[in-house]
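A.B. asks:
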Amino acid sequence: MAYFIRTASGEIKTYMEAPAGTVLETGETWEETPLTFEAFSNRLRLSVDGVGGELVQVPTGSGMAHVQVDCPGESSVMLDINGLVEGIPLVNGKGTLALSSELPGTYVITPADRKKFCAAGESLCVVEVSE
Amino acid sequence: MSAPVYPASVDVSPGQPTASTQYNNLRKDALTLGAAPADARTLGQFFIRYISGVRLEYLATNRVRVPYVTTNPPSVMVNGYLCQATASVDLPASSFSGGAATWYIFARRNAGSASFTLEINTSPVEGTDQRLIGQSYWDGSNVNASSVYTYAVQGLGLPDYDSGFFAVADSNTYTKAHNLGQAPRLVVLLHATSSTPNSNDELALVNTVSISYGVSNMSWNATNIIAQSGTTAGYGTCLNIRRYSGSGYWRLQAWK
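Line by line, the protein sequences are chains A and B. All the letters of the first sequence, read from the start, carry residue numbers 24 to 154 under our numbering. All the letters of the second sequence, read from the start, carry residue numbers 16 to 271 under our numbering.
(1) For residue 121 of chain B, count the other beta carbons within 10 Å of its own beta carbon; 16 or more makes it buried, fewer makes it exposed. Which is it?
(2) What distance in whole Å lies between the Cβ atoms of residue 107 of chain A and residue 134 of chain A, which are believed to be in contact at a cut-off of 8 Å?
(3) Hey, residue 205 of chain B and residue 225 of chain B are a contact pair by Cβ (cut 8 Å); roughly how many whole angstroms apart?
(4) Listing by chain order, which chain A residues have their CB less than 8 Å from the CB of residue 229 of chain B?
(5) Output needed for residue 142 of chain A: all residues of its chain with C-beta closer than 7 Å, excluding positions within five of it in sequence on either side, in chain order.
(6) Residue 111 of chain A: buried (16+ other C-beta within 10 angstroms of its C-beta) or exposed?
(7) When you compare only the Cα positions, how much space is there between residue 185 of chain B and residue 109 of chain A?
(8) Could you tell me whether the Cβ atoms of residue 89 of chain B and residue 50 of chain B are closer together than 8 Å?
(9) To which residues of the same chain is residue 136 of chain A closer than 7 Å at the C-beta, ignoring the five residues directly before and after it?
(10) So what's residue 111 of chain B in DSSP terms, helix, strand or just coil?
(11) Indicate the three-state DSSP secondary structure (helix, strand or coil) for residue 77 of chain B in the structure shown.
(12) Would you say residue 107 of chain A faces chain B, with C-beta separation under 8 Å as the test?
(13) Which chain A residues are close to residue 208 of chain B, counting only those with a beta carbon under 7 Å from its beta carbon?
(14) Is the beta carbon of residue 44 of chain A less than 8 Å from the beta carbon of residue 30 of chain A?
(15) Would you tell me roughly how many angstroms separate the C-alpha atoms of residue 229 of chain B and residue 250 of chain B, rounded to the nearest one?
(16) I'd like to know whether the C-beta of residue 131 of chain A is nearer than 8 Å to at least one C-beta of chain B.
(17) List in chain order: all unbroken beta strand (DSSP E) runs of 3+ residues lying wholly within the stretch 36-91 of chain A.
(18) Residues of the stretch 167-193 of chain B in Cβ contact with chain A at a cutoff of 9 Å, in chain order, please.
(19) Could you say which of B/152, B/207 and B/93 lies nearest to residue 142 of chain B if we only look at CA atoms?
(20) Can you give the beta carbon distance from residue 270 of chain B to residue 175 of chain B, rounded, assuming they're within the 8 Å contact cut?
(21) When DSSP labels each residue in this structure, what does residue 52 of chain B get in the three-state scheme?
(22) Can you check DSSP and say which residues form a bridge with residue 92 of chain B?
(23) Of the choices B/76, B/154, B/102 and B/82, whose alpha-carbon is the least far from that of residue 109 of chain B?
(24) With distances taken between CB atoms, is the gap from residue 147 of chain B to residue 119 of chain B smaller than 8 Å?
(25) What's the call for residue 240 of chain B, buried or exposed, on a 16-neighbour Cβ count within 10 Å?
(26) Which partner residues does residue 253 of chain B have in the DSSP bridge list?
(27) Taking residue 39 of chain A as the query, report the chain B residues whose CB atoms sit under 8 Å from its CB, ordered along the chain.
(28) Can you tell me whether residue 187 of chain B is buried or exposed? The criterion is at least 16 other CB atoms within 10 Å of its CB, across all chains shown.
(29) Using three-state DSSP, classify residue 139 of chain A as helix, strand or coil.
(30) Under DSSP, the beta strand (DSSP E) around residue 28 of chain B begins and ends at which residues?
(31) Taking the straight line between their C-alpha atoms, what separation do you get for residue 137 of chain B and residue 69 of chain B?
(32) Would you verify that the beta carbon of residue 211 of chain B is, or is not, closer than 8 Å to some beta carbon of chain A?
(33) Which runs of the beta strand (DSSP E) spanning at least 3 residues fall entirely within the stretch 89-115 of chain A, listed in chain order?
(34) Candidates A/55, A/139, A/85 and A/93: which alpha carbon is nearest residue 32 of chain A's?
(35) Nearest to residue 63 of chain A by alpha carbon, out of A/99, A/83, A/38 and A/76?
(36) Pick out whichever of B/25, B/55 and B/215 has its Cα sitting closest to the Cα of residue 16 of chain B.
Written as structure tokens, this is what we have:
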């Protein structure tokens, strides 16, 4: 069983393997899921070349950076890329998002539906294109 | 109160009758080092929980070992028997099984042996001829090597508060009530890139996060530990020369 917290606006703020003294902020509420912590984490995972859960740095002009999208049981998923929402088609729960590395900058990729998916853990991917 | 007379018994000569007083003094010397029974536990009672030189360590694959050290041999009193190993003591292979759980590790005294063996159970209750000496965590597939812990070993013990892993992102505040009854003396915040890191995965220490420059990110009092992520995308949950992150998982541990 995993536990997660919704903010006052209904978005999932965080989830955890045990409540362990977690203090809610104003408007936040607790929810439980029969899924294990690992299974809840694996509902949506974003990675670049197998690297997830940390900043991915790519050099400028190194071609396209490919974000692997792993969302078991879904045929597509909407992702927010720096505020722009894009649908990613999935085959067997897997898809790819291509990002240009032509210009330096930072891509922040999160699930667009934050009431269903948590924009934390491995469901949040930051790709930094640096000179 | 004066110190007990020890030894209270004296030498006897060949052929000399042994009086009851002499016998009782000898017995008092043996049991309580000369002290009156009302003033001292017997040596057997005193050493009933004796343990020395017993330090559990992980043994590949999915086993634990009490290594033998010549200068400090593993010694433990089990059910009133003085057991001492003469070689390293290993838990038999394939002892762990089933779902994820904390397994408790026991020294077992065996009839006809002055040493001891190791066995495990998900219950910490000691059985006959068993002595509870430690624990480890089985995740359902593997023993977490860093979870192997010996109760008798002096030093940093298991944390008094452990949040477990929780998902994190930039620009958030995470407050945990530690229930220690006092401000912790030591707090450690760890970062993992996976929700279920195995024992060989690298965990990064989080002392600093970025708000365009690096800042410390934790405070605590007698009630709560507050950990706050930074605001710089990609650097808000871990600013460590080994790893930068604005996502991943944190785990808070505290000692009092």
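Glycine included, every Cβ here is placed at the ideal spot set by N, Cα and C. From a predicted model like this one, the values you see are computed outputs, not experimental measurements.
C.D. replies: So, from the listed chains and residues:
(1) Residue numbering aside, residue 121 of chain B sits at position 106 when the second sequence is read from its first letter. In summary, residue 121 of chain B is buried, with 16 or more beta-carbon neighbours lying within 10 Å of its beta-carbon over all protein chains present.
(2) On the first sequence, residue 134 of chain A is found 111 positions in, with the first residue counted as 1. On the first sequence, residue 107 of chain A is found 84 positions in, with the first residue counted as 1. With a Cβ gap of about 14 Å, residue 134 of chain A and residue 107 of chain A do not count as contacting.
(3) Here residue 205 of chain B is taken as the residue at index 190 of the second sequence, counted from 1. Here residue 225 of chain B is taken as the residue at index 210 of the second sequence, counted from 1. Actually they do not touch by this definition, with Cβ atoms about 18 Å apart.
(4) As a first step, residue 229 of chain B must be located in the second sequence, where it is residue number 214. Chain order gives no chain A residues near residue 229 of chain B, where near means a beta carbon separation below 8 Å; the closest approach is about 14 Å.
(5) Translated into the one-based positions of the first sequence, residue 142 of chain A becomes position 119. Hits under 7 Å: 133 and 134.
(6) Start at 1 with the first residue of the first sequence, and residue 111 of chain A comes out as number 88. When all chains shown are included, residue 111 of chain A counts as buried.
(7) Position 170 of the second sequence, counting from 1, holds the residue named residue 185 of chain B. Position 86 of the first sequence, counting from 1, holds the residue named residue 109 of chain A. Distance between the alpha carbons of residue 185 of chain B and residue 109 of chain A: 22 Å.
(8) The residue labelled residue 89 of chain B in the question sits at position 74 within the second sequence. The residue labelled residue 50 of chain B in the question sits at position 35 within the second sequence. Their beta carbons are not under 8 Å apart, which means residue 89 of chain B does not touch residue 50 of chain B by this criterion.
(9) On the first sequence, position 113 is the one that residue 136 of chain A refers to. Within the same chain, residue 136 of chain A has close Cβ partners 101.
(10) The residue labelled residue 111 of chain B in the question sits at position 96 within the second sequence. Residue 111 of chain B falls in the coil class under three-state DSSP.
(11) The residue you call residue 77 of chain B lines up with position 62 of the second sequence. Coil, per DSSP.
(12) As a working note, residue 107 of chain A is residue 84 in the first sequence. Chain B has no Cβ within less than 8 Å of the Cβ of residue 107 of chain A.
(13) Position 193 of the second sequence holds residue 208 of chain B. Here the neighbours are 75, 76 and 77.
(14) Numbered from 1 along the first sequence, position 21 holds the residue referred to as residue 44 of chain A. Numbered from 1 along the first sequence, position 7 holds the residue referred to as residue 30 of chain A. Not closer than 8 Å, so no.
(15) Looking up residue 229 of chain B in the second sequence gives position 214. Looking up residue 250 of chain B in the second sequence gives position 235. One C-alpha to the other measures close to 9 Å.
(16) Taking the first sequence and counting its residues from 1, the one referred to as residue 131 of chain A is at position 108. In terms of beta-carbon proximity, residue 131 of chain A lines the interface with chain B, with at least one pair separated by less than 8 Å.
(17) Given a length threshold of 3 residues, each whole run of the beta strand (DSSP E) inside the stretch 36-91 of chain A is given here in chain order: 52-56, 68-71 and 79-82.
(18) For the stretch 167-193 of chain B, which is checked against every Cβ of chain A, the residues closer than 9 Å are 176, 177, 178, 179, 180, 181, 182, 183, 184, 185, 187, 188, 189, 190, 191, 192 and 193.
(19) Stepping through the second sequence from its first residue, residue 142 of chain B is reached at position 127. The residue with the shortest Cα to Cα distance from residue 142 of chain B is B/93.
(20) If you number the second sequence from 1, residue 270 of chain B lands on position 255. If you number the second sequence from 1, residue 175 of chain B lands on position 160. The pair is a contact, with the Cβ atoms about 5 Å apart (cut-off 8 Å).
(21) The sequence position of residue 52 of chain B within the second sequence is 37, counting from 1. Three-state result, residue 52 of chain B: helix.
(22) For the purposes of this step, residue 92 of chain B is taken as residue 77 along the second sequence, with counting starting at 1. Residue 92 of chain B pairs with B/97.
(23) Here residue 109 of chain B refers to the residue found at position 94 when the second sequence is read from its first residue. Comparing Cα-Cα distances from residue 109 of chain B to each of B/76, B/154, B/102 and B/82, the minimum goes to B/76.
(24) The residue labelled residue 147 of chain B in the question sits at position 132 within the second sequence. The residue labelled residue 119 of chain B in the question sits at position 104 within the second sequence. A distance below 8 Å separates the beta carbons of residue 147 of chain B and residue 119 of chain B.
(25) As a position in the second sequence, residue 240 of chain B is number 225, starting the count at 1. Its Cβ being crowded by 16 or more others within 10 Å, residue 240 of chain B is buried.
(26) The count along the second sequence starts at 1 and reaches residue 253 of chain B at position 238. Answer is B/260.
(27) Position 16 of the first sequence, counting from 1, holds the residue named residue 39 of chain A. Under the 8 Å cutoff, chain B gives 178, 179, 180, 181 and 182.
(28) The count along the second sequence starts at 1 and reaches residue 187 of chain B at position 172. Taking a 10 Å sphere around the C-beta of residue 187 of chain B, we find 16 or more other C-beta atoms and assign the residue as buried.
(29) Numbered from its first residue, the first sequence carries residue 139 of chain A at position 116. DSSP places residue 139 of chain A outside both helix and strand once states are collapsed to three, so it counts as coil.
(30) Taking the second sequence and counting its residues from 1, the one referred to as residue 28 of chain B is at position 13. Counting along the chain, residue 28 of chain B falls outside any beta strand (DSSP E), and DSSP gives it neither H nor E.
(31) Within the second sequence, numbered from 1, the residue matching residue 137 of chain B stands at position 122. Within the second sequence, numbered from 1, the residue matching residue 69 of chain B stands at position 54. If you take the alpha carbons of residue 137 of chain B and residue 69 of chain B, they lie about 21 Å apart.
(32) Against the second sequence, residue 211 of chain B aligns to sequence position 196. Closer than 8 Å to some Cβ of chain A, the Cβ of residue 211 of chain B qualifies, so yes.
(33) 99-104 and 107-112, all fully within the stretch 89-115 of chain A.
(34) For this step, residue 32 of chain A is matched to residue 9 along the first sequence. Nearest Cα to residue 32 of chain A within the set A/55, A/139, A/85 and A/93: A/139.
(35) Along the first sequence, one-based indexing puts residue 63 of chain A at 40. Selected option, being the one with the closest Cα: A/38.
(36) Taking the first residue of the second sequence as position 1, residue 16 of chain B is located at position 1. The shortest C-alpha separation from residue 16 of chain B is found at B/55.
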